[in-house]
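I have placed the structure first, in the form of structure tokens, so that the comments after it can refer back to it.
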Amino acid sequence: MKILITILYLCLSFLNAKDTLYVQQQNVLYVQNLIEIEEKIASNFEKYLLNEFKIPEMSDLKDDGYLGKNFNTTNKFSLEDIDFISNENLKIRYAITKENLPLYINGLYKRDLYRDMTTAYEDSDSSKSYVSFELKSKVAENILDILEGGFTIESECSNSLKETYCVTNLNTIRWYNASSNWIEYNNEKFEDGDVTISTSGLLTSSKLDDLSIGVFVFVNNGDKYLKTFSDVIKVN
């Protein structure tokens with residue numbers, strides 16, 4: 260009888276060890292899947308900015324043109340689904356929040372091994388932990404800066420626009436003032452690049468104050484100006 264009990268104990272121990280290894284393998288795959296989901300959210304956030312000129316909610320990205328309507332954001336390591344942090348751009352909820360999870364799960368989740376656009380930040384105060392992501396495109400960064408400034412960007416430019424930005428067919432960004440006069444920026448360099456203005460009356464616009472020193476301001480009639488530390492001066 261003792262021999263039989265010993266054999267049963269050894270068998271159960273062996274099965275339990277196999278189960279533990281299996282669970283570990285499943286957890287590793289699930290963490291990798293979590294990171295993959297976050298990476299897809301980050302890349303489609305950028306894609307949405309470039310296509311729609313708006314800051315998306317998760318519901319906007321769950322569309323066939325982006326993540327897909329059946330995109331799964333459930334998370335077994337947290338009581339909350341994977342989602343953006345409310346009132347924050349470029350930040351996703353930290354996914355590993357349940358108590359008593361094995362340490363290797365959180366360690367793997369925080370590693371950059373499977374990450375490209377995203378980075379996980381853990382704080383001793385779990386409410387301050389988050390995953391941030393960086394935009395790859397400078398154009399997307401400029402669009403986000405404009406939108407975060409409280410402005411809107413129209414997908415087409417017209418002379419009827421007022422106090423708004425738009426994207427031209429030449430892949431530049433225009434600002435229309437209250438009189439529908441415009442300043443045209445390079446969509447990649449934006450305020451760090453040369454601009455064209457529709458009329459010399461815009462030479463006194465406060466918008467030019469935000470330009471980098473040393474860039475040129477071209478007036479539609481051919482006049483050329485240089486942005487200096489304190490002014491915009493005409494050059495030959």
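As numbered in this note's numbering, residues 260 to 495 make up the sequence shown, in order. The beta-carbon is built from N, C-alpha and C at its ideal position, and this holds for glycine as well.
Member of 364, 396, 356 whose CA lies at the smallest distance from the CA of residue 302: 396
Are there three or more Cβ pairs, one per stretch, closer than 8 Å when the region 452-460 is compared with the region 382-402? no
Assuming residue 479 contacts residue 460 (C-beta within less than 8 Å), just tell me the rounded distance between them. At roughly 11 Å, the Cβ-Cβ gap does not stay under 8 Å, so residue 479 and residue 460 are not in contact.
Reducing DSSP to helix, strand and coil, say where residue 466 ends up. helix
Which same chain residues, not among the five before or five after residue 325, have their C-beta less than 7 Å away from its C-beta? 303, 306, 307
Simplified DSSP state of residue 407, which is helix, strand or coil: helix
Which residues does DSSP pair with residue 416 in a beta bridge? DSSP, once it has assigned bridges, lists no residue as partnering residue 416.
Whole beta strand (DSSP E) elements within the region 305-370, 3-residue minimum: 350-352
For residue 290, which residues in the same chain have their Cβ closer than 7 Å to its Cβ, ignoring the five residues on either side in sequence? 364, 367, 368
Exposed unless 16 or more other CB atoms sit within 10 angstroms - verdict on residue 297: buried
Measure the C-alpha to C-alpha separation of residue 421 and residue 467 and round it to an integer number of angstroms. 17 Å
Test item: CB-CB of residue 321 and residue 313 under 8 Å: No, they are not a contact pair.
Among 300, 406, 493, 311, which has the Cα closest to the Cα of residue 463? Ranking 300, 406, 493, 311 by Cα distance to residue 463 puts 493 first.
Where residue 458 and residue 318 are concerned, what is the direct C-alpha to C-alpha distance, given to the nearest angstrom? 42 Å
Using 8 Å as the cut-off, can you tell me whether the region 341-361 makes contact with the region 426-433, which would need three or more C-beta pairs spanning the two stretches below that distance? no
Residue interval of the beta strand (DSSP E) (run including residue 380): 377-380
How far does the beta strand (DSSP E) with residue 395 in it extend, from its first residue to its last? First-last for residue 395: undefined, no H or E at that position.
I'd like the span of the beta strand (DSSP E) that includes residue 443, first residue to last. 441-445
Residue 402 - partner residues in DSSP beta bridges: None, per the DSSP bridge assignment.
Following the continuous beta strand (DSSP E) through residue 491, name the residue where it begins and the one where it ends. 491-494
Residue(s) in a DSSP beta bridge with residue 454: 444, 476
Can you name, in chain order, every residue of its own chain whose Cβ lies under 8 Å from the Cβ of residue 294, other than the five neighbours on each side? Excluding residues within five positions, the ones whose Cβ falls inside 8 Å are 368, 373, 374, 377.
Quick one, which of 315, 332, 361 has its alpha-carbon nearest residue 287's? 361
Alpha carbon to alpha carbon, how far is residue 499 from residue 475? The displayed coordinates of the chain run from 260 to 495. Any statement about residue 499 would go beyond what the structure contains.
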